[in-house]
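**Q** According to UniProt numbering, the stretch in the sequence shown is residues 1 to 160, in order.
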Amino acid sequence: MPENTEAGAFENPINPDKVAENPGLLPYAHNAGSAVIRPEDEGKIKAKALTAMRQQTGKQYDQLAGQMKTLLDQAKAIQKRVEVSERVYTAAINFEPFIGQTMYLYEKADGSDLLSLVAPHEWGRSFKYNRYVAQVTMLYDHTWDVLFYNDEGDEERVEI
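1. Using the Cβ count rule (16 or more neighbours within 10 Å means buried), how would you classify TYR149?
2. Run through DSSP, which three-state label would SER112 get?
3. Which residues mark the beginning and the end of the beta strand (DSSP E) in which THR137 is found?
4. Report yes if the C-beta of ILE14 is less than 6 Å from at least one heavy atom of the ligand PLP; otherwise report no.
5. Could you name the residues of the same chain whose beta carbon sits closer than 7 Å to that of LEU64, not counting the 5 residues immediately before and after it, in chain order?
6. Measure the C-alpha to C-alpha separation of LYS48 and ASP41 and round it to an integer number of angstroms.
7. Under a three-way DSSP split, which group does THR102 fall into?
8. Take every Cβ of the stretch 81-94, pair it with every Cβ of the stretch 131-139, and state whether three or more of those distances are shorter than 8 Å.
9. For TYR28, name the three-state secondary structure that DSSP assigns.
10. At the level of alpha carbons, what is the spacing between ALA52 and LEU114?
11. Among the candidates MET103, ASN130, PRO120 and ILE14, whose CA atom is the shortest distance from the CA of SER112?
12. Kindly indicate which three-state DSSP category LEU117 falls into: helix, strand or coil?
13. In the DSSP assignment, find the alpha helix (DSSP H) that holds VAL84 and state where it starts and stops.
14. So what's GLU122 in DSSP terms, helix, strand or just coil?
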């Protein structure tokens, strides 16, 4: 047992040369009860990080691609709306269109257009036009909302 040089003073019995100042920072276990410290496989760490990076950037890329597709679809819808609106404004109109009223655009045999209040299914056998082009509604700002556009020339409905 160590001897006290002064009353109440404590002398450390462990040799200071055998003690580490910061044992948690040593690259090896400093005593028998310490956790095992194994060197990390740098290749595994980089592979995991690379996989995580690719997964995250892939998600972001897919999100941006989805947003791009949405914007492209919206741009195409506006383009169709402009195209149909130009045809409506150049079409023959034998009535005064009202806001909110649904109208139908037909193409005549001579290539000119006609705006009508009669729907395609209401014509019956007396349908005398080349084809049914679009179904439109006049909006409050006097632009046209295209409810249906038949760009293929057939009677199949393609909603935009």
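All C-beta atoms in this analysis are idealised placements derived from N, C-alpha and C, irrespective of residue type, glycine included.
Because the structure is a prediction, the values reported are computed rather than measured.
**A** This is what the structure holds:
1. Taking all protein chains in view, the Cβ of TYR149 is crowded by 16 or more other Cβ atoms within 10 Å, so the residue is classified as buried.
2. Looking at SER112 - three-state DSSP - the assignment turns out to be coil, as it is neither helix nor strand.
3. Segment 131-138, the beta strand (DSSP E) holding THR137.
4. No copy of the ligand PLP appears in this structure; indeed no ligand is present at all.
5. If we look at LEU64 and ignore the five residues flanking it on each side, it has no Cβ neighbours.
6. Each residue's Cα considered, the two are about 11 Å apart.
7. Strand, per DSSP.
8. In this structure the stretch 81-94 lies against the stretch 131-139, because at least three pairs of beta carbons, one per stretch, are closer than 8 Å.
9. Of the three classes helix, strand and coil, the one that applies to TYR28 here is coil, per DSSP.
10. The straight-line gap separating the alpha-carbon atoms of ALA52 and LEU114 is approximately 59 Å.
11. Answer by Cα proximity: ASN130.
12. Note: LEU117 maps to coil in three-state DSSP.
13. Run containing VAL84: 42-90, per the alpha helix (DSSP H) assignment.
14. DSSP places GLU122 in helix when its eight states are reduced to three.
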